[in-house]
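Chains A, B, C and D are the protein sequences, given in the same order.
Note that my numbering has the first sequence beginning at 15, numbered continuously upward.
Note that my numbering has the second sequence beginning at 15, numbered continuously upward.
Note that my numbering has the third sequence beginning at 15, numbered continuously upward.
Note that my numbering has the fourth sequence beginning at 15, numbered continuously upward.
Backbone N, C-alpha and C define an ideal beta-carbon position, used for all residues, glycine too.
The next block holds one structure in the form of structure tokens; read it before the comments.
Protein chains: 4
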Amino acid sequence: MALRTPDEYRAGLRDGRSLYYRGKPVDDLSSVPELQVAVDHAAIDFELAEDPAHRDLAVVVDPDSGAESSAFYRIPRSADDLLARCRLIEATTGAGGTVVTLIKEIGTDAMFALMRKLAGEERERAEAFWRHCRDGDLAVAVAQTDAKGNRSVGPNEQEDPDLYVRIVDQSDEGIVVRGAKCHTTSSANADELIVLPTRAMGPDDADYAVAFAIPIATDGLSLYVSAYSGREHNEFEFPVSSRHKLLETLTVFDDVFVPWERVFCFRQPELAGPLALTFVEYHRFTAVSYKLPLLDAFVGTAALITEMNGVAKAGHIRDKLTRLVTYSETVRALTEAAALRGRVDGDIAYPDPMTTNMAKFTFATGYYEAVEWLQDCAGGLLVTGPSGDDWDSPEVRAVLEKYFRAAAPAEARLRVMNLISDLTARDLGGYHAVLAVHAEGSIEAEKMQILRAYDSDRAISYSRRLAGLD
Amino acid sequence: MALRTPDEYRAGLRDGRSLYYRGKPVDDLSSVPELQVAVDHAAIDFELAEDPAHRDLAVVVDPDSGAESSAFYRIPRSADDLLARCRLIEATTGAGGTVVTLIKEIGTDAMFALMRKLAGEERERAEAFWRHCRDGDLAVAVAQTDAKGNRSVGPNEQEDPDLYVRIVDQSDEGIVVRGAKCHTTSSANADELIVLPTRAMGPDDADYAVAFAIPIATDGLSLYVSAYSGREHNEFEFPVSSRHKLLETLTVFDDVFVPWERVFCFRQPELAGPLALTFVEYHRFTAVSYKLPLLDAFVGTAALITEMNGVAKAGHIRDKLTRLVTYSETVRALTEAAALRGRVDGDIAYPDPMTTNMAKFTFATGYYEAVEWLQDCAGGLLVTGPSGDDWDSPEVRAVLEKYFRAAAPAEARLRVMNLISDLTARDLGGYHAVLAVHAEGSIEAEKMQILRAYDSDRAISYSRRLAGLD
Amino acid sequence: MALRTPDEYRAGLRDGRSLYYRGKPVDDLSSVPELQVAVDHAAIDFELAEDPAHRDLAVVVDPDSGAESSAFYRIPRSADDLLARCRLIEATTGAGGTVVTLIKEIGTDAMFALMRKLAGEERERAEAFWRHCRDGDLAVAVAQTDAKGNRSVGPNEQEDPDLYVRIVDQSDEGIVVRGAKCHTTSSANADELIVLPTRAMGPDDADYAVAFAIPIATDGLSLYVSAYSGREHNEFEFPVSSRHKLLETLTVFDDVFVPWERVFCFRQPELAGPLALTFVEYHRFTAVSYKLPLLDAFVGTAALITEMNGVAKAGHIRDKLTRLVTYSETVRALTEAAALRGRVDGDIAYPDPMTTNMAKFTFATGYYEAVEWLQDCAGGLLVTGPSGDDWDSPEVRAVLEKYFRAAAPAEARLRVMNLISDLTARDLGGYHAVLAVHAEGSIEAEKMQILRAYDSDRAISYSRRLAGLD
Amino acid sequence: MALRTPDEYRAGLRDGRSLYYRGKPVDDLSSVPELQVAVDHAAIDFELAEDPAHRDLAVVVDPDSGAESSAFYRIPRSADDLLARCRLIEATTGAGGTVVTLIKEIGTDAMFALMRKLAGEERERAEAFWRHCRDGDLAVAVAQTDAKGNRSVGPNEQEDPDLYVRIVDQSDEGIVVRGAKCHTTSSANADELIVLPTRAMGPDDADYAVAFAIPIATDGLSLYVSAYSGREHNEFEFPVSSRHKLLETLTVFDDVFVPWERVFCFRQPELAGPLALTFVEYHRFTAVSYKLPLLDAFVGTAALITEMNGVAKAGHIRDKLTRLVTYSETVRALTEAAALRGRVDGDIAYPDPMTTNMAKFTFATGYYEAVEWLQDCAGGLLVTGPSGDDWDSPEVRAVLEKYFRAAAPAEARLRVMNLISDLTARDLGGYHAVLAVHAEGSIEAEKMQILRAYDSDRAISYSRRLAGLD
């Protein structure tokens, strides 16, 4: 059990995995600049553990052996542990320039869920896998969302039976699975992959009720990396996305063999829903934790750019700043409350589901309006400004310096403008927005969970008493 | 130092105070039925202290003397004390049918503010007054909002100098004040009145920089009670407002003498703003605490009536229920967070100003939409239903029972319908709504405080780092 | 064929009808003050026809005979006719103090729908009834919404079969009906009552597929008048509701006989949905037409009170005024567009359904926020102000005049304040709000109609072309 | 006077103009692929005039001479002319894939404003310039927004006097100007440039009160083209932005000489505000006209993708579709109403300012929420989907076809998904969003104009009557 260095992490990715990018197989992530950006971004997780400023948050030392492990792998036992996990995720994402690293967050979300919902031998397998990952300081992705096909019918009713990942064979050694998962984040640059069911299932869906874990470099597993935002980004124009990036894959299982010790759920449809739900309970808490740096960046850039434009004192600007603060800080307060209201199930703590979902719902439903306020504060220069090449040309830069100064020098103003543009008005902006609505569960899913988790006794009995019914 | 009984409280109000109602002087509140409703409503405060179920929350026992006093008078020393105060206010208001009693809440808000902001002799006077009220278990109102006249100019620029309460004379014994305060809640049924400045003031406003306390039965002090919602209410039609009511007065000071030991601020304009602000810091926390039962009633009645109408499973109804839950529980979570983030100033704790104002702002700006959802859930019967007299007529009741049954018997359904109507679609509904926007400070005032109290360092320094400026 | 005078209308209501109010039978509407207010309010319709300023709008002169009839009875043949009808409804409601008179609007909405959807003998009966009403200058109510019982099941599945109005017998002379309708507006003070189905029906609902018309004074028909807002209102405090009021009834059919010439739909379930829908097409256009004076009053009172308070120039006030204007004028523009886009079906014109529903939806979903803006502009005095009795007392009035003046004298300011309070924060306010959401169809019903009426061809074919699919 | 062909337009741009792109001078737009996309996009204007399907809309034939000219140059004389102009702009932008061509729209907006506001010799100069452009079938850009510097102070108070374009010299032949304008759309690919003041000015700003027109190829005029979204776009991934693009420039006047016959406003500060305002009156009408295809694309792609995903019947999806329809069709109805309410000033018609601004305000303030609804309807694949290179690889395409099919084949679904992504979640999406808020005037400017243009007489006099004041 030891922490890995960033370079050890990078080296581990050269393992023969089957990757495709822009129509071609990729042998080595470092051969494609934008993929390398994603690897370097993920390596921040390992850098933080080495950073004295973050060690206390990021590293757990075993009191007996003195062995060190990543704090992401610490099983939460209390509200305080949940709060510490929130702070760790916030700090890591902050170092990631508002982009979560997601190579340990999501994997441990899944492991905690598996440990809570499984029993007997399956639970032992899950714990063994958790120890394996913790002791190897591994990067772990989770594939949950299936290809799904026609959303109006379930897994076993699709014309093509492979549209949800399913068991196609079994033997004394293990099982064989086929199908595909979508939107799998960080799989291309992870070491291991956990596969979970995406929804509740009925008896006819038994073939689809499967959960397991495999190394990324497994025969039959192919990752098709999305090219969204896949291009080289000039640092002046794209201060964040030039250095920070996630990779999503279409994750195809072409008769992949999984040994029994890595199988957590096998043809138990009644377990599919609870596993899916328990995972997202943790994962939505991870989500709201990692959104906090982005929200800080919204408030901070709005404050900076309005000051630099010379409009910070205007009434309507102050109104927008106040609304940005209220939005951002309400998400933060609800996230903290979700941790503080955390409860313990057996020996594992989990954040309060209603409060977690309210935090996520508040974030998601307020996001687009917050973008509007921020862009309104900044100005049209977000999409009409100069490029990094312009800035690098001494002749052009002189013109820009003369004409883009305001209540601040042109350079500072353009850098903040580009930051806002990068975060909200270009590819990364679209990515952040679509994630707000779709990642870690849809708005509709969050609404369903809020209502389900809300304990209506107090409100109903009080109302009955007021109405004179009790 | 001893607790008073409800009847002792009622008896104390017969003290020769100068009250006017509907154009006529009122010698005894009990002579006018709707005023008596307000007195009985306020008496709930004293009933709760006698109720074994609430004693722990409502009564403080001096560990040395064993003397008992109202928990409202406990000076908060910690976040836990603030949370306990929140629970006490919530419980009292719950017993008050969503209507706060406000005979100790607001007074102690003012006393805590005075004790925090005053020094020297003035602080001693404030403490003496606090002991006097606590030991006498008194009911205390606060008059803050002045008549104000033309809002585009300040106190000293009004055509009539009396539109803000001002000092017109002074002597060795004390001062003489003249003017009027508006919207003074519970003054008609309180024992004492605290007077505070309503806003920040400049050097020219020195005459208006005054704070003091007097008994309601003081020469020259006249209370003109508002007749809003002033009529007898049938219990079937008005389940809440038939039993619960607040009184507001135009509070006129016609050369009222105040002895020096009751004067807290005398011609110190620089103290006016801080006193006003510190008071509303506490008072907005009181406000969000007392809104919680109303929010519970919104959620609970929406759940009940949709079940009774047979529409609880419809998608759009579930959507509205979820939004009501999220609105209500976000205010609750922010209120709790305001207490938990409480800080100590000297030896007195206060709730976090930013979080308190966010809770109030969230409550106020979401209120009308919440009313819409609830009324949408209930149906048009809210304003077309039968009266209590109809229900009391056996002949008519038989018709109503036949035709107003749905997925519940007619009586239960009509009682819940009337409750919703009372809370949202009649006088009490209008009162709750206008209070949401105007009481304890306007929406604009809350916005200003959010921005002022927000510590922007984290967000700005993070944004500067992302932009490459630091 | 001749116009009736207001007094002829009043006299016609003394016809032995069976009315109940507050648990007791009422022989004569004029014996109960608040019922008399409603009759006098409805009489405005007849007053307008006599008023030279409105004659052109309100009266149609037969070019051949010179006979005069109410313009409400003019069958629309063109977009211009629809626009003229909109103006007439707006003018009548304006004279009604923001409260529609609804004694000819809704009846003609129903007649136009019957004439459009019926054929053969039934259409002749509908036309004969229309001529009867027009020539007699009659007041006509429409009962559509059934008692409904448990909303999760249909008419024929209710435990009590009478919860929707149904045919219980038939003979050569006519039919016999039993059941009850709710929320029937103006029935207590109308001459005739049209009964329409409330929803689409299936073959099993044949007994419930019935439409007909009867005089109010018909054996077995009993009207139970709602007491909502039923009290005497002081004119100073309640400038509108002291003079303007609608009556709603629970309308009970206790084996009522209807002769064949008054039966429009008899056991034709396939006709129930189209009749219901065609009626609301007209009726929602009536609705948005009669909302315009209320919207003007919102904008006008907001402008007046902010001027009087001395805050009209504040940035946030201008923001709220602008939003009120935009809300109000968007409803107006959509209402006009609904008329201008009117189409002709056979020989009867009807407003564009999508645009009509968008106007109604915009009105309904924006209403509560508009109330918030207006109340925010006005101030807390809306619910803490003095009564008419206070104003009538010379002693008290002197105090009010001194202390409630602002940038305007106290009287003008208090009158505008009371107007806003009456329109938004008391019984009439609750009535207007609940009507916004529930009257003339719910928000959900409007949404369904918008989507159904929207012609998606342009948008879809354009999108397919852009996507390279066509 | 004759129409030009697309190639004549392209050839005209090779005139020695001074362009910079990505830090380097550009001699020929066609040498840079993304600039060529913009030129080809603009050429759509000329293609439409040749297209039989659009000739009636796009071409005006002089009844006397038979000479043809672009319909953009037709001076509106009536509401019908305004409506025809709206239709022309909508059709051109529709052909432009939701991106306005803007090489005649904005220029004529400015010319109509100049002709309305100028008198005497200046008006003759404006008319001569209009004839020159019309007869030459020229492309004309407008530079209005100055560099502005510190927004908290005006033109003459900036530290650098050149931050607003100003007159630095004059002679018998003409004037010399210096400074810079921002966000100048289509200047890089136009023939002529009109320069207008950006705001109201005072006497001290006389040097800045200047309006004129010059050819793009004028000595001292340099255009620095923004590189936003400047890259080659694969057609499969970027169905719109691969073919449609606008160019914005920082437009620098380095002591540019303007002959008197091209000077429209010379040191007349009192004319600056009216010119700026009258221009935006026309230009906001242009704006809402050209937004209509984008709104259609929102509704159409939402309908297509939900059908293809198999979720079109879900309640929450229908809710979002309905809201998209209502948003889109409200903007359309207001735009039509702005034309139909058009008025004539002298002999030139203009759209109703209040209604135009309401249309623009409704568009701008609803835009981000509409994006949310559309992205919510579509799914996360918007930002995790495959690239054009993936699609072009037979091996990968087979996998995509298997796993991305839903209720439609993978290809159709991916094409619609990419269309939505292009319009909302990538560079063009950010461009559309920022334009919604900032182009043709800010939201605050629109609000100011709504309130200014609203005729409050009806509402105020009605409210006074209701309050008993008149």
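Closest residue to residue i among the options (Cα-Cα distance)
i: Arg130(C); options: Asp471(C), Thr369(C), Gly360(C); result: Gly360(C)
i: Ala214(D); options: Ile230(D), Asn248(D), Asp160(D), Asp186(D); result: Asp160(D)
i: Glu136(C); options: Pro20(C), Ala225(C), Leu261(C), Asp441(C); result: Ala225(C)
i: Arg355(B); options: Arg357(A), Glu249(A), Gly356(A), Ala351(A); result: Ala351(A)
i: Ser185(B); options: Ser166(B), Glu275(B), Leu308(B), Thr336(B); result: Glu275(B)
i: Ala25(A); options: Tyr34(A), Arg298(A), Ala16(A), Leu43(A); result: Leu43(A)
i: Ser255(C); options: His446(C), Tyr468(C), Ser470(C), Thr336(C); result: His446(C)
i: Ala481(C); options: Phe252(D), Thr107(D), Phe377(D); result: Phe252(D)
i: Asn248(B); options: Arg440(B), Pro365(B), Pro77(B), Asp205(B); result: Arg440(B)
Interface residues of chain A facing residue i [CB-CB closer than 7 Å]
i: Gly6(C); result: Past the edges of chain C, shown from 15 to 484, lies residue 6(C), and the structure says nothing about it.
Per-residue contacts from residue i into chain A (C-beta, under 8 Å)
i: Arg429(B); result: Ala481, Gly482, Leu483
i: Glu262(D); result: Val397, Thr398
Chain-ordered neighbours of residue i on chain B, where CB pairs are closer than 9 Å
i: Lys559(A); result: In the structure as shown, chain A starts at 15 and stops at 484, and residue 559(A) therefore has no counterpart that could be examined.
Alpha-carbon to alpha-carbon, residue j and residue i
i: Val74(D); j: Met372(C); result: 36 Å
i: Gly394(D); j: Val448(A); result: 6 Å
i: Ala56(A); j: Arg18(A); result: 13 Å
i: Leu318(B); j: Val430(B); result: 7 Å
i: Leu152(C); j: Glu458(C); result: 33 Å
i: Gly444(A); j: Gly168(B); result: 49 Å
i: Cys391(A); j: Asp436(A); result: 15 Å
i: Ala207(B); j: Tyr242(B); result: In the sequence as presented, Ala is not what sits at residue 207(B); that position holds Leu. Leu207(B) and Tyr242(B): Cα-Cα distance of roughly 22 Å.
Listed by chain order, chain C residues near residue i by CB distance under 8 Å
i: Val254(D); result: Leu480
i: Gly108(D); result: Tyr476
Own chain partners of residue i with C-beta closer than 8 Å, once the 5 adjacent residues on each side are dropped
i: Ala93(C); result: Ala353, Leu354, Arg355, Gly356, Ala363
i: Val40(B); result: Leu33, Tyr34, Val46, Leu49, Val239
i: Pro217(A); result: Pro283
i: Pro273(A); result: Glu187, Gly188
Partners in chain B for residue i, counting only beta-carbon separations shorter than 8 Å
i: Glu425(C); result: The premise fails here: Glu425(C) is roughly 15 Å from chain B at the closest Cβ pair, so nothing lies under 8 Å.
Spatial neighbours of residue i in its chain, beta-carbon cut-off 6 Å, leaving aside the 5 residues before and after
i: Asp221(D); result: Arg180, Ile181
i: Ala326(B); result: Thr320
Contact belief for residue i with residue j at Cβ below 8 Å, rounded distance in angstroms
i: Asn432(C); j: Phe250(C); result: 7 Å
Residues that residue i contacts on chain C, provided the C-beta gap is smaller than 9 Å
i: Val51(B); result: Those do not exist, as Val51(B) stays about 16 Å from chain C at its closest Cβ, beyond 9 Å.
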